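Here the structure is laid out as structure tokens; the discussion comes afterwards.
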């Protein structure tokens, strides 16, 4: 029953998150909607007011460059243009060491590697070791929400899935970083969808394998038929949901709208009852690991997450869940016109020659070990398959957990140092 209720919460935000709703309206909605009671578990007191639920961390409203500079690191910001007109933001903590490129997951952004703070944020931890740290942003998230040909208010702007990120966005960012640094290769670290688009790039554009010193996959996402996340219950209805979204003029999901910001300000703060509910959203999506919750910085995380995506991205992932294959977007009757075949072509991951290390967690609901091992069995240059030494390590722990410095960083450094 709770899974059904949680799915209802997700659909509520997918649709209404794109409209302008106040904090008071959101709080009242949660009070009167009995559907949510099982998910809230009394996290919200009916007598709370909006002001009662609005305690903030001083870092909550700082942007990524402000956060970097606050902790005495240099910060640089760049904008590059893709061949189809999208403006992508890339952030940097410059240093003289080897170049490391970090890439975020679905509905996320470069901020994921900063908001956990200097003791747990992966970008900070690598910068402390002298690496030249770059952080990318795929089309459609809050940092890359612009195009010289179409506006975000137009449907055509959102006509992309992670496929376009793999064949257009990521190659453009890799080339940009190598050009700026004068290097021939870079170290690539991807989380979740950040791994997906790497596999797409290096399987369909094999020349990019030569531009990668080593790739580290944190929670690899390619094959998805065994996921435990409640998203698997939405997957069978992906076509119907997309039709509903489009009929309502909803082409993007969970972007930084006034409604999402109002929700963050109302629930994702330091009030214990409100905070518990917001925390559960991440747990329900990617797996439960309470002991790794970084309470000191999680309110900051929530003010930068979610960062938005296209509805088509979610549908593409749903197709992977249902099909059991890692393949291109399924256009149904239009497949033959698009691909020359009835079934979409699979991504030829066997052509990925760059060295690849894969990290996974036993408690990851979105990157199940069976699916991960199916992927790694097809990679011709797998250098490591590493299980994180924490029995509950979940999907978002790879970016938000408090013990990244001890459970992820040593192994990560030992691998990449062999290739610099």
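Residue numbers (mature numbering (1 follows the signal peptide of the UniProt record, and there is no 0)): -23 to -1, 1 to 397. We put the CB at the ideal spot given by N, CA and C, even for glycine. Every value quoted in this text rests on a predicted model; they were computed, and no experiment measured them.
Item	Value
Whole angstroms are fine: how far does the CA of residue 336 sit from the CA of residue 221?	37 Å
Pick from 359, 309 and 202: whose alpha carbon is nearest that of residue 321?	309
Can you tell me whether residue 152 is buried or exposed, with buried defined as 16 or more other CB within 10 angstroms of its CB?	exposed
For residue 364, collect the residues of the same chain with a Cβ closer than 7 Å to its Cβ; drop the 5 residues on either side in sequence, then sort them by chain order.	337 and 339
So, for residue 174: in the same chain, excluding its five sequence neighbours on each side, which residues have a beta-carbon less than 6 Å away from its beta-carbon?	139, 142, 143 and 147
Between 203, 346, 181 and 165, which lies nearest to residue 192 when the distance is taken from Cα to Cα?	165
Can you give me the start and stop residues for the alpha helix (DSSP H) that residue 87 sits inside?	From DSSP, residue 87 is part of no alpha helix (DSSP H); its letter is neither H nor E.
For the alpha helix (DSSP H) containing residue 299, name the first residue and the last one.	288 to 300
For residue 363, name the three-state secondary structure that DSSP assigns.	strand
In the DSSP assignment, find the unbroken beta strand (DSSP E) run with residue 109 in it and report its ends.	109 to 112
Could you check whether the segment 93 to 103 touches the segment 181 to 189, counting it as contact only if at least three pairs of C-beta atoms, one from each stretch, sit closer than 8 Å?	no
Could you name the residues of the same chain whose beta carbon sits closer than 6 Å to that of residue 171, not counting the 5 residues immediately before and after it, in chain order?	80, 81 and 82
How big is the Cα-Cα spacing for residue 35 and residue 376?	21 Å
Looking at the unbroken alpha helix (DSSP H) that takes in residue 151, where does it start and where does it end?	147 to 158
So, is residue 125 buried or exposed, given that buried needs 16 or more other C-beta atoms within 10 angstroms?	exposed
DSSP on residue 274, reduced to helix/strand/coil?	helix
Suppose the cutoff is 7 Å on Cβ atoms and the five residues either side in sequence are ignored; what does the same chain contact list for residue 299 look like?	212 and 213
If you measure between the beta carbons of residue 200 and residue 352, is that distance less than 7 Å?	yes
Hey, residue 203 and residue 347: beta-carbon distance below 7 Å or not?	yes
What does residue 192 pair with, by DSSP beta-bridge criteria?	165 and 333
Per DSSP, what kind of secondary structure is residue 208 in: helix, strand or coil?	helix
Quick one: grab the DSSP three-state call for residue 219.	helix
Between 271, 93, 306 and 72, which lies nearest to residue 137 when the distance is taken from Cα to Cα?	306
If you follow the alpha helix (DSSP H) that residue 347 is part of, which residue opens it and which one closes it?	346 to 353
Contact check, residue 280 vs residue 38 under 8 Å by CB: the rounded distance?	7 Å
Name the residue from 269, 205, 276 and 288 whose alpha carbon lies nearest to the alpha carbon of residue 217.	288
Would you list the one or two residues that DSSP bridges to residue 70?	110
Following the continuous alpha helix (DSSP H) through residue 178, name the residue where it begins and the one where it ends.	170 to 181
According to DSSP, is residue 131 part of a helix, a strand, or is it coil?	coil
Got a sec, what are the start and stop residues for the beta strand (DSSP E) residue 200 sits in?	It is not in any beta strand (DSSP E) - residue 200 carries neither H nor E in the DSSP assignment.
Relative to the alpha-carbon of residue 370, which residue among 390, 341 and 389 has its alpha-carbon at the smallest distance?	341
Please list, in chain order, all residues of the same chain as residue 343 whose beta carbon is under 6 Å from its beta carbon, the five residues on each side excluded.	204, 206, 263 and 372
Can you tell which of 380, 367 and 154 has its C-alpha closest to the C-alpha of residue 76?	154
Would you identify the three-state DSSP class for residue 371, choosing helix, strand or coil?	coil
Quick check on the DSSP output: the alpha helix (DSSP H) that includes residue 402 runs from which residue to which?	Examination of residue 402 is not possible in this model, given that the chain is present from -23 through 397 alone.
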